[in-house]
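Okay, so the sequence shown: first residue is 1 according to the working numbering, each after it adds one.
Where is the CB? At the ideal position from N, CA and C, for every residue including glycine.
Working notes, structure below.
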Amino acid sequence: MLAALAVGSLASHVLCRAELCLPLPPQLTPVQGASVSTAFLTAHYGLLSLARLQPGETVLIHAAAGGVGQAALQVARRAGARILATASAAKQQALLEQGVEAVFDSRSLTFAEQVRAHTGGRGVDVVLNSLKGDWVDASFEALAEGGRFVELGKIEIWSRQQAAERRPDATYLPFDLLEVAAAEPALIRTLLEQLLADLAAGHYQLLPIQAFPLEAAVDAFRLMAQARHVGKVVISQLPAAPARAIRPDATYLVSGALGGLGLQLLHWLANQGATSLLLLARSAEAPNEAAATVLARLKERGVTCIALPLNLAATGAAATQVEGQLAAALAALPPERPLRGVFHAAGVLDDGLLESQTPERLRQVLAPKLGGWQRIEAALQSDLLQGDPRQSDPFVVHFSSMASLLGSPGQSNYCAANGALDALAAATGQLAIQWGPWEGAGMAAGLGGRERQRLEALGVTPLQPAAAFAALEQVLQRGISGPVAVLEVDWARLGRQASPRQAALMADLMALVAGSGAPDAAEEPAYLAVLRDTPLLERHSCLVAFVQQQLAKVMGVGDPQQIDPSEPLFNIGLDSLMALELTVLLENNLGLRLTESLVFEHPTVDDLVHYFLAEVLFPDGAPAASPPEPEPERVVAGAEPAETSPAWDQQVADVAALDTADLLRQLRGD
Numbered sequence: 001m002l003a004a005l006a007v008g009s010l011a012s013h014v015l016c017r018a019e020l021c022l023p024l025p026p027q028l029t030p031v032q033g034a035s036v037s038t039a040f041l042t043a044h045y046g047l048l049s050l051a052r053l054q055p056g057e058t059v060l061i062h063a064a065a066g067g068v069g070q071a072a073l074q075v076a077r078r079a080g081a082r083i084l085a086t087a088s089a090a091k092q093q094a095l096l097e098q099g100v101e102a103v104f105d106s107r108s109l110t111f112a113e114q115v116r117a118h119t120g121g122r123g124v125d126v127v128l129n130s131l132k133g134d135w136v137d138a139s140f141e142a143l144a145e146g147g148r149f150v151e152l153g154k155i156e157i158w159s160r161q162q163a164a165e166r167r168p169d170a171t172y173l174p175f176d177l178l179e180v181a182a183a184e185p186a187l188i189r190t191l192l193e194q195l196l197a198d199l200a201a202g203h204y205q206l207l208p209i210q211a212f213p214l215e216a217a218v219d220a221f222r223l224m225a226q227a228r229h230v231g232k233v234v235i236s237q238l239p240a241a242p243a244r245a246i247r248p249d250a251t252y253l254v255s256g257a258l259g260g261l262g263l264q265l266l267h268w269l270a271n272q273g274a275t276s277l278l279l280l281a282r283s284a285e286a287p288n289e290a291a292a293t294v295l296a297r298l299k300e301r302g303v304t305c306i307a308l309p310l311n312l313a314a315t316g317a318a319a320t321q322v323e324g325q326l327a328a329a330l331a332a333l334p335p336e337r338p339l340r341g342v343f344h345a346a347g348v349l350d351d352g353l354l355e356s357q358t359p360e361r362l363r364q365v366l367a368p369k370l371g372g373w374q375r376i377e378a379a380l381q382s383d384l385l386q387g388d389p390r391q392s393d394p395f396v397v398h399f400s401s402m403a404s405l406l407g408s409p410g411q412s413n414y415c416a417a418n419g420a421l422d423a424l425a426a427a428t429g430q431l432a433i434q435w436g437p438w439e440g441a442g443m444a445a446g447l448g449g450r451e452r453q454r455l456e457a458l459g460v461t462p463l464q465p466a467a468a469f470a471a472l473e474q475v476l477q478r479g480i481s482g483p484v485a486v487l488e489v490d491w492a493r494l495g496r497q498a499s500p501r502q503a504a505l506m507a508d509l510m511a512l513v514a515g516s517g518a519p520d521a522a523e524e525p526a527y528l529a530v531l532r533d534t535p536l537l538e539r540h541s542c543l544v545a546f547v548q549q550q551l552a553k554v555m556g557v558g559d560p561q562q563i564d565p566s567e568p569l570f571n572i573g574l575d576s577l578m579a580l581e582l583t584v585l586l587e588n589n590l591g592l593r594l595t596e597s598l599v600f601e602h603p604t605v606d607d608l609v610h611y612f613l614a615e616v617l618f619p620d621g622a623p624a625a626s627p628p629e630p631e632p633e634r635v636v637a638g639a640e641p642a643e644t645s646p647a648w649d650q651q652v653a654d655v656a657a658l659d660t661a662d663l664l665r666q667l668r669g670d
């Protein structure tokens, strides 16, 4: 597998210079490799090769939540620099948690004054810029005497003469990585070799990745257009992962097999056609009555169950013994029933407030989950199984918990244990299912009335086993990997009681599942009739709220009322693609034929409402309430969000080349 730097990498085939092709380290998947080369090379070349960033210097990284920004944080941190950054408000807390000294609003020009204040009036030694327009001038204002200004942008960039006139004391360093690669391929190859070596050695961490299959490319561009992603968006042309079918000519290993959830899993596997099961449970030598009954019924159905009384939580010499016993059992499987799948469902609880937790209590909960998987993995890699053609690479399903996704009071250790499995699955292509509570089984089986009332108040309903296993079957058939949440929840109710951090995590999901309260084309196509029945003096405010709701859908805003009706929409992150989508929504809900230039001609919510009421919907009726007077000297900043990545311009060009009507049909899901 090769890592390469090439133009037009969204194509199925590209021509690439041999100097810019290197073997991909075996630790990296193709998707991971695609996420790192351009971002890290851009950050490394800009900060180290050009700006010569030194230990103790201060750097301002714009759009630090983007792919290049995330790479630049690591490059600057390794160089020993102090890091300041800009990002949109929703992403600032995440950057602070990554160790950034201070984060400022990338959509407000006040960042320059704030940077000066933070540095005692001095400014920063280096600016890594990917913004444009007035933000370039403000960035020069934030630069210290004799500082270096690294320009990553592709449009509206300043000439060297402009920069010299603005700040003759500063060094202006614009560059295009692809132009550098064409002119100095040997240099870029050296940097790429060093980057891959540093990644393999753990000096740099992989960027956050959101991967999309090629057929979902429009969704990927839409995500970037809404500026909701952190890290890199990757479009993969790799074939989808194979379905994980339960087969009669295979053996399936189940840990935690004789617990309540494990026993239900055994029934389901048998119903799916499994005929050979390898069961791991400490109680296997003396199963309780419920377990003995299930095992007897499986035997009657012709299912072979080999139960091993192994303690997966063992440590030291005992752990080595467990690994050996399991490896021997795997090696002894009949040739016609090789191991095809592993269901890791072991786990224990030891709940308590954080202040009462101890290292021992944490180890006790981690041991069966993370430690248990380590025992299983060691057995799978045992010398006893190497070279055995019967032992193909089995799929792995970890039974995780919604606790690792949303948190759970009193279960910090359990959250950590399941979070470790989630991270493992994300890194290895395995599957981790973040289960909600099960009705009558699993960790929730012993919940008392108080705990059940708390879950009910949060909007969480225990999963019925039939529904849970139907979801498991669907996930396996689709070949999904990484963490997947399966739970039944009223997101609106949960959102009302969520902590600020939980609310930020769930904002997009609540808008998608529960809706923002706005009528849409499918649910209420006759919104115009509703508006006609609205008292005349209330129509303006009613329509303002409606347009805000439709706009919130397009932009992914959780609270529509946060959108200022008098603010130019392109100043708050709307771009041309979203403007077209908004136009389609308004067309469908108001029963109108609108021009594609609608939002450009009426660029605020108030402008749109005034246009609809006065000129389109009720031109002959009594005048509606007048919208507020626009604030003087407001300027529409342009059709793209202020916070962009260096690759944004090419992405815009790619989208612009698409057929607009076809693109809109795809966005609507027609």
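Pairing CB atoms from the region 275-294 with CB atoms from the region 306-321, are three or more of them under 8 Å?
As far as the Cβ criterion goes, the region 275-294 touches the region 306-321, which means the pair count is three or higher.
Are threonine 58 and alanine 81 closer than 8 Å when you measure CB to CB?
As a working mapping, residue 58 is identified with position 58 in the sequence shown. As a working mapping, residue 81 is identified with position 81 in the sequence shown. Yes, they are a contact pair.
Looking at the structure shown, is proline 335 part of a helix, part of a strand, or coil, going by DSSP?
By one-based count along the sequence shown, residue 335 stands at place 335. The three-state reading of DSSP puts proline 335 in coil, since its state is none of H, G, I, E or B.
Could you name the residues that DSSP lists as bridge partners for histidine 398?
For the purposes of this step, residue 398 is taken as the residue at position 398 of the sequence shown. Beta-bridge pairing links histidine 398 to His344 and Ala432.
Backbone secondary structure at threonine 293 - three-state DSSP
As a working note, residue 293 is residue 293 in the sequence shown. Correct three-state label for threonine 293: helix.
Under the three-state DSSP convention, the category isoleucine 188 falls into:
Walking along the sequence shown from the start, residue 188 turns up at place 188. The answer is helix: DSSP assigns isoleucine 188 an H, G or I state.
Distance check for alanine 94 and glutamate 300, CA to CA, integer angstroms please.
The residue you call residue 300 lines up with position 300 of the sequence shown. The residue you call residue 94 lines up with position 94 of the sequence shown. For glutamate 300 and alanine 94, the distance between alpha carbons rounds to 55 Å.
Alpha-carbon to alpha-carbon, glutamate 165 and phenylalanine 111:
Position 111 of the sequence shown, counted from the start, is the residue given in the question as residue 111. Position 165 of the sequence shown, counted from the start, is the residue given in the question as residue 165. For phenylalanine 111 and glutamate 165, the distance between alpha carbons rounds to 22 Å.
Beta-ladder partner(s) of valine 124, from DSSP:
Reading the sequence shown from its first residue, position 124 is the one you call residue 124. According to DSSP, which records beta bridges pairwise, valine 124 is partnered with Leu143.
Using alpha carbons as the reference points, say which of Leu96, Gly120 and Phe140 lies closest to leucine 109.
Locating residue 109 in the sequence shown gives position 109, where the first residue counts as 1. Nearest to leucine 109 by C-alpha distance, out of Leu96, Gly120 and Phe140, is Phe140.
Residue range of the unbroken alpha helix (DSSP H) whose run includes proline 359:
Along the sequence shown, read from residue 1 onward, the residue named residue 359 stands at position 359. From DSSP, the alpha helix (DSSP H) with proline 359 extends over 359-366.
Find out if the Cβ-Cβ distance for the pair leucine 50, alanine 72 is shorter than 8 Å.
As a position in the sequence shown, residue 50 is number 50, starting the count at 1. As a position in the sequence shown, residue 72 is number 72, starting the count at 1. No, the Cβ-Cβ distance between leucine 50 and alanine 72 is not below 8 Å.
According to the neighbour-count rule (16 or more other Cβ atoms, all chains shown, within 10 Å of its Cβ), is glutamate 685 buried or exposed?
Given a span of 1 to 670 for the chain in the structure shown, any question on residue 685 remains unanswerable.
My output table needs one value for threonine 29: the three-state DSSP class, helix, strand or coil.
What you label residue 29 is simply residue 29 of the sequence shown in a count that begins at 1. Threonine 29 falls in the coil class under three-state DSSP.
Compare the Cα-Cα distances from serine 566 to each of Leu10, Arg247 and Asp606 and report the closest residue.
Working through the sequence shown from its first residue, we reach residue 566 at position 566. For serine 566, the nearest C-alpha among the options comes from Asp606.
Close Cβ partners of glutamate 145 (< 7 Å) along its chain, the five nearest in sequence each way excluded:
As a first step, residue 145 must be located in the sequence shown, where it is residue number 145. Within the same chain, glutamate 145 has close Cβ partners Asp169.
Take glycine 419 and list the residues in its own chain whose beta-carbon comes closer than 6 Å to its own, dropping the five residues that flank it on each side.
Translated into the one-based positions of the sequence shown, residue 419 becomes position 419. Result list for glycine 419: Ser404, in chain order.
Contacting residues, own chain, Cβ-Cβ under 6 Å from leucine 366 (five flanking each side not counted)
Here residue 366 refers to the residue found at position 366 when the sequence shown is read from its first residue. Taken in chain order, the residues that qualify are Ala417.
Could you name the residues that DSSP lists as bridge partners for tyrosine 611?
Walking along the sequence shown from the start, residue 611 turns up at place 611. Beta-bridge pairing links tyrosine 611 to no other residue.
What distance in whole Å lies between the Cβ atoms of leucine 261 and alanine 345, which are believed to be in contact at a cut-off of 8 Å?
Taking the sequence shown and counting its residues from 1, the one referred to as residue 345 is at position 345. Taking the sequence shown and counting its residues from 1, the one referred to as residue 261 is at position 261. Sure, about 6 Å apart at Cβ, within 8 Å.
Is the number of C-beta pairs between the region 480-494 and the region 420-432 that are closer than 8 Å three or more?
yes
Please list the terminal residues of the continuous beta strand (DSSP E) segment that includes cysteine 542.
On the sequence shown, position 542 is the one that residue 542 refers to. Unbroken run through cysteine 542 is the alpha helix (DSSP H), 539-555; no beta strand (DSSP E).
Is it buried or exposed for glutamine 74, if we count other Cβ within 10 angstroms and need 16 for buried?
The count along the sequence shown starts at 1 and reaches residue 74 at position 74. Glutamine 74 is buried by the Cβ-count criterion.
Go through its chain and collect everything with a Cβ distance to serine 626's Cβ below 7 Å, but skip five positions before and after it.
Working through the sequence shown from its first residue, we reach residue 626 at position 626. Its pLDDT being 42, under 50, serine 626 is placed unreliably in this model, and the coordinates cannot settle the point.
Secondary structure at serine 49, three-state DSSP: helix, strand or coil?
For this step, residue 49 is matched to residue 49 along the sequence shown. DSSP places serine 49 in helix when its eight states are reduced to three.
Mind checking which residues open and close the alpha helix (DSSP H) that includes serine 404?
Sequence index remark: in the sequence shown, residue 404 carries index 404 (1-based). Its alpha helix (DSSP H) spans residues 403-406.
Give the DSSP-derived three-state secondary structure of alanine 87 in the structure shown.
What you label residue 87 is simply residue 87 of the sequence shown in a count that begins at 1. In this structure, alanine 87 counts as strand in the three-state DSSP scheme.
On a CA-only basis, which of Pro174, Ala117 and Cys16 is nearest tyrosine 45? Give me that one, please.
Taking the sequence shown and counting its residues from 1, one reaches residue 45 at position 45. When Pro174, Ala117 and Cys16 are compared, the shortest CA-CA separation from tyrosine 45 is found for Pro174.
Length-filtered (4 minimum) alpha helix (DSSP H) runs lying within the region 190-231:
217-225
In this structure, how does DSSP classify leucine 279 when only helix, strand and coil are distinguished?
Translated into positions along the sequence shown, residue 279 becomes position 279. Note: leucine 279 maps to strand in three-state DSSP.
Buried or exposed for arginine 539, please, with buried defined as at least 16 other CB atoms from any protein chain shown within 10 angstroms of its CB.
Here residue 539 corresponds to residue number 539 of the sequence shown, with the count starting at 1. By the 10 Å Cβ count, arginine 539 comes out buried.
Selected residue, minimal CA-CA separation from leucine 152, among Arg189, Ala64, Phe221 and Ala425
Residue 152 sits at position 152 when you count from the first residue of the sequence shown. Of Arg189, Ala64, Phe221 and Ala425, the residue nearest in Cα terms is Ala64.
Could you check if leucine 238 is buried or exposed, using at least 16 other CB atoms within 10 Å of its CB as the buried criterion?
Position 238 of the sequence shown holds residue 238. Counting every other CB atom within 10 Å of its CB across the protein chains shown gives leucine 238 a total below 16, marking it as exposed.
Per DSSP, cross-strand counterpart(s) of alanine 307:
As a first step, residue 307 is located in the sequence shown; it is residue number 307 there, counting from the start. Paired residues: Leu279.
If you check the beta carbons only, do phenylalanine 343 and valine 254 fall under 8 Å apart?
In the sequence shown, counting from the first residue as 1, residue 343 sits at position 343. In the sequence shown, counting from the first residue as 1, residue 254 sits at position 254. Yes.
Which partner residues of isoleucine 61 appear in the DSSP bridge assignment?
Numbered from 1 along the sequence shown, position 61 holds the residue referred to as residue 61. Isoleucine 61 is bridged to Ala85 and Leu128.
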